[in-house]
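Worksheet: one structure, shown below.
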Amino acid sequence: MEDQITRLTSRLVVPFIQVYGIYIILHGHLSPGGGFSGGAIFGASLVLMALAFNLSAGVKQISHQSASLMESGGALGYALVGLIALLWGGNYLANRAASFPLGRAGELFSGGAIPVITVFVGMKVASTMVTLFYNLIEGEAKVGDPEKPGA
Amino acid sequence: MTEALNVMLLLFLIVCAVCVARIRDMLSAVILFASFGLIMAIIWQQLSAPDVAMVEAAIGTGVTTLLLVAAISKTRRTE
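Chains as they are written, first to last, in my numbering: chain A, 720 to 870; chain B, 1007 to 1085.
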């Protein structure tokens, strides 16, 4: 796929898509959107990069193995935030009862644990998009080999 | 004004859906499905569900199309 128009357009557009995705993730507790929407947009930008150039350019951005690691890390971070709430004396994933600092409503740094959770969800969704695409394009779906997800 | 826009969008949505089901060329079907997703995103926005519209535009139009095109490049193009 050696198309000049596709390459130039995606090179111009990809930074804006990524900034928009990060904006939606970070404002997940204030405005429409959140971890899933922003993560989907961010992951789509990475997939677009790999599709418009070639697979090695995409792998240079984020490799298959690090995408798999980020995918697991997102789920792990989500669980850890819940466990921190448990440690600080609330229920699992409790917010105010576990005395997370809430801040003033409507500001960017407010909402206690919600922005942190949103960031982890966005990480997980974005890397899931990339992992799906790599699995399909490389054509070696590792069914029944969970030990080496990115080998 | 908004009703006229909604009716036009819904008509286009139905036309897209019927064409996706009836067309024989897989690549054309995928492109039509992407336009279906785009119209659907605008309709979600009209129904005041902006976050669903965002997800539909990113996944229904973007990632699904990419994955289906990748699947076509691995298999046959005609039905």
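Here a beta-carbon is modelled for each residue, glycine too, at the ideal position from N, C-alpha and C.
Here the structure is a predicted model, which means the values were calculated and not measured.
Through-space distance from residue j to residue i, alpha-carbon basis
{"i": "ILE1078(B)", "j": "MET1032(B)", "result": "7 Å"}
{"i": "VAL838(A)", "j": "SER1034(B)", "result": "37 Å"}
{"i": "GLY808(A)", "j": "ILE833(A)", "result": "17 Å"}
{"i": "ALA1023(B)", "j": "SER1041(B)", "result": "10 Å"}
{"i": "GLY831(A)", "j": "LYS843(A)", "result": "20 Å"}
{"i": "ILE1020(B)", "j": "VAL1026(B)", "result": "10 Å"}
Closer than 7 Å at the beta carbon, the chain A residues around residue i
{"i": "LEU1072(B)", "result": "VAL766, LEU770 and PHE852"}
{"i": "ILE1065(B)", "result": "ALA759"}
{"i": "GLY1043(B)", "result": "Chain A residues near GLY1043(B): none, gap ~12 Å exceeds 7 Å."}
Contact with chain B by residue i, beta-carbon distance below 9 Å
{"i": "ALA759(A)", "result": "yes"}
{"i": "ILE836(A)", "result": "no"}
{"i": "LEU855(A)", "result": "yes"}
{"i": "ILE781(A)", "result": "no"}
Residue i: contacting residues in chain A (beta-carbon distance under 8 Å)
{"i": "MET1032(B)", "result": "Residues of chain A passing the Cβ test: none, with the nearest at roughly 15 Å."}
Amino acids of chain B, ordered along the chain, whose beta-carbon sits closer than 9 Å to that of residue i
{"i": "GLY803(A)", "result": "Contrary to the premise, residue 803(A) reads as Ile rather than Gly in this sequence. Residues of chain B passing the Cβ test: none, with the nearest at roughly 27 Å."}
Under 9 Å by beta carbon: chain A residues contacting residue i
{"i": "MET1046(B)", "result": "Near MET1046(B) there are no residues of chain A at all, since even the closest Cβ is about 15 Å away, more than 9 Å."}
Test: residue i CB closer than 9 Å to a CB of chain A
{"i": "ALA1076(B)", "result": "yes"}
Contact set between residue i and chain B, taken where Cβ atoms lie within less than 7 Å
{"i": "MET848(A)", "result": "VAL1069"}
{"i": "ALA763(A)", "result": "ALA1064, GLY1068 and VAL1069"}
Cross-chain neighbours of residue i in chain B, by beta carbon under 8 Å
{"i": "ILE743(A)", "result": "MET1060"}
Open item on the list: So if I threshold CB-CB distances at 9 Å, which residues from the stretch 746 to 757 of chain A count as touching chain B?
Closed with: Those residues of the stretch 746 to 757 of chain A placed with their C-beta closer than 9 Å to a C-beta in chain B are SER750, PRO751, GLY752, GLY753, PHE755, SER756 and GLY757, ordered along the chain.
- [ ] Taking a Cβ distance cut-off of 7 Å, strictly less, list which residues of the stretch 1008 to 1038 of chain B are near chain A, in chain order.
- [x] From the stretch 1008 to 1038 of chain B, no residue has a Cβ closer than 7 Å to chain A.
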